[in-house]
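Protein chains in written order, with this note's numbering: chain A, 953 to 1319; chain B, 53 to 605; chain C, 3 to 392; chain D, 44 to 115.
The block underneath contains the structure these notes are about, expressed in structure tokens.
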Amino acid sequence: MKLEKGIITNTQLMFLIISFMEFMVLAINFVYPISKESTWIAILVAYALVILIALGYTAIAKKYPGKNLVEINDIALGPFIGKIFSALYIWFFFEYLIHFSYYFNSFWITYIMTETPRIVFVVFLMAVCAMAVKDGIETIARCSVIFAILVGTMVISIVVAQISKMELSHFLPILDMTPKVFIQSVHIILTIPFCDIVVFLMILPYTDKNTQIRKPVLLAISLSTALMFICVLASTAVLGVRMGTSTSGTFAATREIEIAAILARVDVLIAITLLITIFIKITVFYYATVLGLAQMLKLRSYKPLIVPIGLIACAISANLYPSDMEQVYCAQYIWPFNASIFEILLPAITLVVIALQSVWKEKGAAE
Amino acid sequence: MFRYILKKLRFYELLKQDEKQQTEAEQTSKTSKTSQTAQTAQTAQPPLSKSLEENLKALQDVAESNDFVIRRFVFGKRIHAAIVYIDGLIDKELVNENVLKPLMRINLLDNSELPPSIDIDYVKDAMLFVGDIEAQSAFDEVIGKILSGDTAFLMDGSDKAMLISLKGWKMRGIDEPQTESVVRGPREGFTETLRINTSMIRRKIKNTDLKFETVKIGQRTKTDVCIVYIKGLAKSELIEEIRQRLGRIKTDAILESGYIEQYIEDAPFSIFSTVANSEKPDKVAAKLLEGRAAILVDGSPFVLTVPMVFLESFQSAEDYYSRPFFSSEIRILRFVAFFISILAPALYVAMSAFHQELIPTPLLLSMASAHEGIPFPAVAEAAIMLYFLEILREAGVRLPRPIGQAVSIVGALVIGQAAVSAGLIGAPMVIVIAITAVSSFTVPAQTDSESIIRIALLILAGFLGGFGIAIGLLVVLIHLASLRSFGTPYLMPLAPFSRSGMKDAFTRAPLWDMIRRPRGMAQDDIRQDRSSKPSPPKDDEEKPKGTVSEGSL
Amino acid sequence: MRICGRLLKVVVCILLILGFCGCWDSRELNKLAIVMGMGIDRGDDPGTLQFTAQVINVGEIRTAGENGGGGGQGKGYVNFEDTGNTVFSTIRDITNQSSRKLYFAHNQILIFGRSVAEEGVTKYLDFFLRDPETRLNVYILVAQDSARDVLNVESNIENIPAQNIKSMVEEESAFTSQTIAVRLYEFKDSLLVKTKAAVAPIVEISQGSDGNISKINGTAVFKGDKLVGTLNKTEGRGLLWVLGKVKSGIIEARTPQGSLVSMETVRADGKFSSEITDDGKVKVTISIREEGNLGEQEGPENLSDLSEVAYLEQQKNNVIKSEVMAAIRKAQELDADVFGFGESIHHKYPKEWAAMEDNWDELFQQIEVEVKVDAKLRLTGRISVPAVPE
Amino acid sequence: MIALLIVAFAVILLIQVPKLIKKKYWRELLVYSVLMTLAFVMCLLYALHVDVPNPVKNTQYYIKELFPFSYK
């Protein structure tokens, strides 16, 4: 029994993934302090890796068309282990949901509205996301089309506005760091903005052409990576050394834009962009969590779960970290390991199991 | 389709039951028939009797009202007959000329060539000079037809009545619609009479595929509601859906198409209307040709068209009559105006109370000096002004036009100038509200939803600044994306995205370039083939006649 | 039921909003004290600082079109002063004397008194970089003696001294290009680089026709974050030539006949490339392109003659070269790498740099410089030959 | 604050529970009520400023411990 009746086209899927990944433009801030003016190289490396991983994800999805992650787990790994896997995944999505809402709030509090208590942002954001989740995947996809275009144009225009302030000498010296640090930065980029597309294993089955999902997924990844790449190049060229010191490089870079003395402090544009992208992020994870939970518990509808999950998320994410410093520390030293289990290890296991099963099947057919 | 048939069957069973009750009721109480006509008309179908007197008696009882005229007369070989009509609904001249005169003359002249016995069919075939005439034997049909303006001819000895359609009453002529006046394009607008409206559409689309389906809705008013669509363009599911929704209406009165709209719309709790309406035949025709369906209601010049998409509100008939560049510019302007009208007060409040760093320094200085000594916070200021604005608009609309203008001018002067000079309101706020007001009129289809969104955003901005505005816009957008109008996504063609649709979204492509109809709307998308792009003759082709060659000058 | 449900939902939303009804960050315009300029001086007792904030007196500033409402009789600004240990605490203390909270997002200039500049500015800068309100494109200046007095000098054109100084800095760097206009983030950049020396224009008070006037004069040079010396106008322009920041300016030269000619610089561009010679020395090649027009001449001779033009261009070359050399000599004598030669070495030779970084001061002393100037004289203006009888 | 919390929860329950009962979604109702109680407790703790160890944060620290190496 399908909990989600909606069907989205592959184009919509592509836009959804793009707007989902456009958040990288700001998530990359965790990396700036580590790999300062060489961040762009790290991005390229991470991109090469994520393409491979995405191929893995799509392979899993194509093996069982029309089945989402929970169902695939049940089928591929048997009811018991499958349940465990599903539970892990759902927990992981929930974690992401929490982290993003926290990150969003801390950002907004640091830069725009310093005196407003955190819970306000959490509640309002969650309310909006819950509304979107209630309306189902079709609505989310439709919104995402607009958001993808909107955010893309915003970022591009900001970059264009920065051109006058760029200095190519800021890129030098290239790769002025130890390999360990470089690996770390690649790892962060890979886990935080890139590989969380594992959540789309929950959504892929609701596309109209289940078998040809590879193209839109890869295309979306490439496009959004290109966008982020441009953005990073721009802010590196503008900030240079200061990249390391500011808590949000992209934001600091936009803060210096001044067009004809009329259009100063356009950083609120970035804030809005962040709001939009984070909205899509949270909504997708929210949706995945609720849907997966409902499927695991064999419910007839996922709608009753929306409000309680949202409230729990509010309560947890309102005091996730005692301080933003700890958040940054986690993002740089803790989270990559935590995430890579769910984003790389578990899918890898599933993939291997599937492969072995098919091999056995062939053996059985041979005998 | 099956559902529809089943519905009908169930309906007929109900009728039978009602019939029994009806007959009993008639035996029990002869009195207060008129009150029963409401249900008798739609339920029981007693036949006419052979005797004229009984029929007339029955008619008399049913419709005892002093505009109900029964004219008895005698013709032929002492045959008693009568015509029955409602005074004011028929054209008396025509009736006298074409019904009474021919019938009553024949007993003056020698009636040798008359057949020995004249039956009513002979009268119909040989005697009445009327085109639109039908025989009817069911009592309530006769009543119904008479009520809708036919003239019934009954004669002794026949259980059939001739329903002669010689309607004629005073009606408003066709003139320019008040709501949608254009600079270029046809000036005619729909009227209150259904037939005239259908004829206007028919004159635009001379095609047998153009279908009209009339249903009577409203137990008391029996309003004619007419579904218009082009067979082969409009999706059959759409038409089916409309039939069902209309069939579902169980009310006693339909007075305007607004009633129908509220009974059939998809999202009754949404502030956005999912049914479009128009007063212009050309606009309706264009929508029909896009594969939409129209719903005409007798007695209302406003024609509903479904399905409606959000971007429709930003299109006007004129966009397609003037050349693409200008109309594209105008359309973008409409979008800008829409956003100004929902955002301007909220943005002003958010900026002046939360994000002063966004304001350029000189502007901030002048704003600050204007806001100096203003008693209210910016939110209250804006709210008060908006409320006054709505009051002004309402007053201007309701009052007779000359006074209305006076009111709005006076109000503007008083509230603007006086309030500023009294130091109650900052001058910038007045400007903002004025801009809001003006730009809210550029998108008439969304004016009402605009004013609600505006207030909501203003409140949010007052509490949470830019964050509030962003949240509010998100909510609106999600809501829009979740809406559907008769199966079509409301944000079409923006989301789901269709490239061919974008040709007619924020800008308008040249007509010859819009090869496809709006996606998902019509049955066959192709509107024209690609060869319709105009191009001057090439040199190798021979020039068409009348073109002056350089040599001849 | 459904309608009731909807209503309840609406009620919830309203409850939420009203429940959160704090309007935390909302500050009405008439609750703001808009700071236009700030000055930091040393306090009387050691370790303290004296902070001067120039706040707009909103009621008094003239705004266009206001019939009498704006007024404009009194001063358009108020200066608040207070002393304290840290910048932030001092700023907050000012709230005790001003009815409104200071608002920094529109601050235009930040002036360091000489005393403060000499003992180091880093500790004062941090607040301005950290606080979400302050903007980074504030102009940094150094006062000849005390910033407080500078902010108190009334200007005759602008009605706010800070505004006046800001526009002076901009005009000055735009038209004479004799001092560099430094914004906060540029200043921070040069402080972040160990070897680069920060610079900032100097504003001083001088005796004008009626009362004191404040004027931009010279460039302050910081070593680390301490003021070590100043460049005069010539050296200042030399610095700008090297950095390629000269926008316009007048160059005076003599014709062969010895009469003065003043030429206007219209376009200029300068860049330098540094390399490490075989004997471990640092060699910097500065190449400057300059285009200008003939602006004025004293003598009667006809300068539109090509040979004369060539001569004048040569003269221009020499002037520019001398200015650049003057700047470099001054920098070496102050031992402050204002040009960022070291950083360019760092970019080019990351490995060698590790060794050089520590003894860069000595290296900078014996740095050898080659200046290539390519000056062009394009137009002669409206007249080609002076209006004198042949 | 707590009063607001209680009111909000009450209203939410008033809106949602009847729907579930009308549709006879008993299983859903069970899960719903469990989660809602959990949510209420957590919100209450938050409102009372009782700092409970944050599950999400701590789990990620524990998982980190599984790895032999780190970037520090």
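The beta carbon of each residue, even a glycine, is placed where N, CA and C say it ideally should be.
In this text, all values refer to a predicted model and were calculated from it rather than measured experimentally.
What first and last residue would you give for the beta strand (DSSP E) that runs through CYS278 of chain B? 275-282
First and last residue of the uninterrupted alpha helix (DSSP H) at ASN1290 of chain A: 1287-1292
Mind checking whether LYS198 of chain C and GLY220 of chain C have CB atoms under 8 Å apart? no
List, in chain order, every chain D residue whose beta-carbon is nearer than 7 Å to that of VAL1259 of chain A. ILE55 and GLN59
Is LEU1004 of chain A close to chain D, meaning its C-beta is less than 8 Å from at least one C-beta of that chain? no
With DSSP as the reference, label GLY468 of chain B as helix, strand or coil. helix
Nearest CA to the CA of ARG157 of chain B: which residue from B:LYS144, B:ILE316 and B:LYS129? B:LYS129
To the nearest angstrom, report how far apart ASN962 of chain A and ILE269 of chain B are at their CA atoms. 44 Å
Would you decide whether VAL472 of chain B is buried or exposed? Buried here means 16 or more other CB atoms lie within 10 Å of its CB. buried
At the level of alpha carbons, what is the spacing between GLY210 of chain C and ALA1186 of chain A? 46 Å
Classify MET1034 of chain A as buried or exposed, calling it buried when 16 or more other Cβ atoms lie within 10 Å of its own Cβ. Checking the sequence shown, residue 1034 of chain A turns out to be Gly, not Met. Its Cβ being crowded by 16 or more others within 10 Å, GLY1034 of chain A is buried.
Nearest-angstrom Cβ-Cβ length linking SER100 of chain C and ALA35 of chain C, presumed shorter than 8 Å: 5 Å
Is there a Cβ from chain B that is less than 8 Å from the Cβ of ARG906 of chain A? The first residue shown for chain A is 953 and the last is 1319, placing residue 906 of chain A beyond what the model contains.
Taking 8 Å as the threshold (beta carbon to beta carbon), is ASP1128 of chain A in contact with chain C? yes
Flag this pair as yes or no: are the beta carbons of ILE1268 of chain A and MET85 of chain D separated by less than 8 Å? yes
Buried versus exposed, by CB contacts within 10 Å (16 or more), GLY225 of chain B: exposed
Would you list, in sequence order, the uninterrupted alpha helix (DSSP H) runs of no fewer than 4 residues that lie entirely inside the region 220-268 of chain C? 235-245
According to DSSP, GLN299 of chain C sits in a beta bridge with which residue or residues? C:VAL263
List the endpoints of the continuous beta strand (DSSP E) containing SER330 of chain B. 328-330
Considering only their Cβ atoms, is the gap separating LEU340 of chain B from VAL280 of chain B smaller than 8 Å? yes
To the nearest whole angstrom, what separates the beta carbons of THR1206 of chain A and ILE1110 of chain A, a pair I think is in contact under 8 Å? 5 Å
Beta carbon proximity, LEU416 of chain B to chain C, threshold 8 Å: yes
Any non-hydrogen atom of the ligand ATP closer than 7 Å to ASN32 of chain C Cβ: No copy of the ligand ATP appears in this structure; indeed no ligand is present at all.
Comparing C-alpha positions only, which one of C:VAL371, C:GLN259, C:ILE159 and C:THR382 sits nearest to THR279 of chain C? C:VAL371
Name the DSSP bridge partner or partners of GLN52 of chain C? C:ASP43 and C:THR85
What residues from chain E crowd round HIS407 of chain B, counting only those whose CB sits closer than 7 Å? Here the protein chains are A, B, C and D, and chain E is not one of them.
Please determine if the region 1066-1079 of chain A and the region 508-520 of chain B are in contact, where contact requires at least 3 C-beta pairs separated by less than 8 Å. yes
In chain A, what lies closer than 9 Å to GLY572 of chain B by C-beta? Result: empty, since nearest Cβ-Cβ is about 11 Å, beyond 9 Å.
Among B:VAL361, B:ALA405, B:ALA337 and B:LYS287, which residue has its Cα nearest to the Cα of TYR372 of chain B? B:ALA337
Run down chain A in chain order and give the residues with a C-beta less than 8 Å from the C-beta of TYR187 of chain C. ARG1194 and GLU1208
Could you run through the region 189-207 of chain C and flag, in chain order, every residue whose CB is less than 8 Å away from some CB of chain A? LYS190, ASP191, LEU194 and VAL195
Residue range of the alpha helix (DSSP H) that GLN1279 of chain A falls in? 1276-1281
Are the CB atoms of VAL1138 of chain A and PHE1045 of chain A within a distance shorter than 8 Å? no
From TYR75 of chain D to MET544 of chain B, what does the alpha carbon distance come to, in whole angstroms? 36 Å
Can you have a look at ARG569 of chain B and say buried or exposed, based on whether 16 or more other CB atoms are within 10 angstroms of its CB? buried
Any Cβ of chain A within less than 8 Å of the Cβ of SER534 of chain B? yes
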